[in-house]
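Here is the structure we will look at, set down as structure tokens.
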Amino acid sequence: MIRFDKLWETMKAKNISTYQLREQCGIDSKTIRRLRANENMETKTLDKLCAILDCRLEEIAEFTKE
1 MIRFDKLWET MKAKNISTYQ LREQCGIDSK TIRRLRANEN METKTLDKLC AILDCRLEEI
61 AEFTKE
């Protein structure tokens, strides 16, 4: 299972809110809801998040065995 717990930690460390993701970066609220629920995410969205946060994929997502 891919988990996005690290995303919230990275956002906090970089002082970026979900409001900023929505309003300034074009990430819609449905996508944020899906991230919170650890649901499937398109790689282009992950790419966009890494670009916005200036980070690597490992800093926003991690694989764990269910």
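Under our numbering, the first residue of the sequence shown carries the number 1, and numbering increases by one thereafter.
Built from N, CA and C at the ideal position, the CB exists for glycine as well.
Treat the numbers as computed from the prediction; the structure is a model and nothing was measured.
Who are the near neighbours of residue i in its chain, counting only those whose CB is closer than 7 Å to its CB and skipping five residues on each side?
i	result
Thr45	Thr31
Can you tell me which of the three DSSP states residue i falls into?
i	result
Glu9	helix
Ile27	coil
Ile80	Because the chain spans 1 through 66 in this model, residue 80 falls outside it and cannot be assessed.
Glu62	strand
Measure the Cβ-Cβ separation of residue i and residue j and say whether it is below 7 Å.
i	j	result
Ser29	Arg22	yes
Glu59	Lys6	yes
Which same chain residues end up closer than 6 Å to residue i when comparing Cβ atoms and leaving out the 5 residues on each side of it in sequence?
i	result
Ala61	Ile2, Phe4
Between residue i and residue j, which are expected to be in contact by the criterion C-beta below 8 Å, what is the C-beta distance as a whole number of angstroms?
i	j	result
Met41	Arg34	6 Å
Report yes or no: is there a C-beta of chain C within less than 7 Å of the C-beta of residue i?
i	result
Ile27	Absent from the structure: chain C. Only one protein chain is present.
Quick one: any contact between the segment 50 to 57 and the segment 10 to 20, if contact means 3 or more CB pairs under 8 Å? yes
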